[in-house]
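Structure, as structure tokens:
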Amino acid sequence: MATTTTSSKSSTIFSTFLNLLAVLALIGILIVVALLLKEIHLISKDIEDISALLLKEIHPISKEIEDITTKLSKVITPGYPRDSINIQNSERSPWYVEVVKS
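Take the sequence shown: its position 100, counted from the start at 1, is 100 in the UniProt record's numbering, and no numbers get skipped.
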């Protein structure tokens, strides 16, 4: 009977040790997840800042493109007062566009 009591105590101690180890592992996993979430939040903040800077840079460029498109649409639109476009091969560039007002 003494051996059963000793083995029962050892299995209880071993079981308690395993439970403690499992709790410590879960705490470690929670800490790692919290750190990863913090890093993800910081990275998303950086991405948000970079996006804002890019929008500040892109907005003037898109405005210029819009202005150029508006000017070109006035020239190319049929019925605009007798404007024509001559596209010629020249020394300056492979295609030189000249707007001729009639």
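In this text, a Cβ means the ideal position worked out from N, Cα and C, and glycines have one as well.
Buried or exposed by the 16-neighbour rule on C-beta atoms within 10 Å, applied to residue i
i     : result
Met1  : Residue placement at Met1 cannot be trusted, given a pLDDT of 47 that sits under 50; the coordinates are not used to answer.
Leu20 : exposed
Phe14 : exposed
Residues of its chain near residue i, where Cβ-Cβ distance is below 7 Å and the 5 sequence neighbours each way are ignored
i     : result
Thr16 : none
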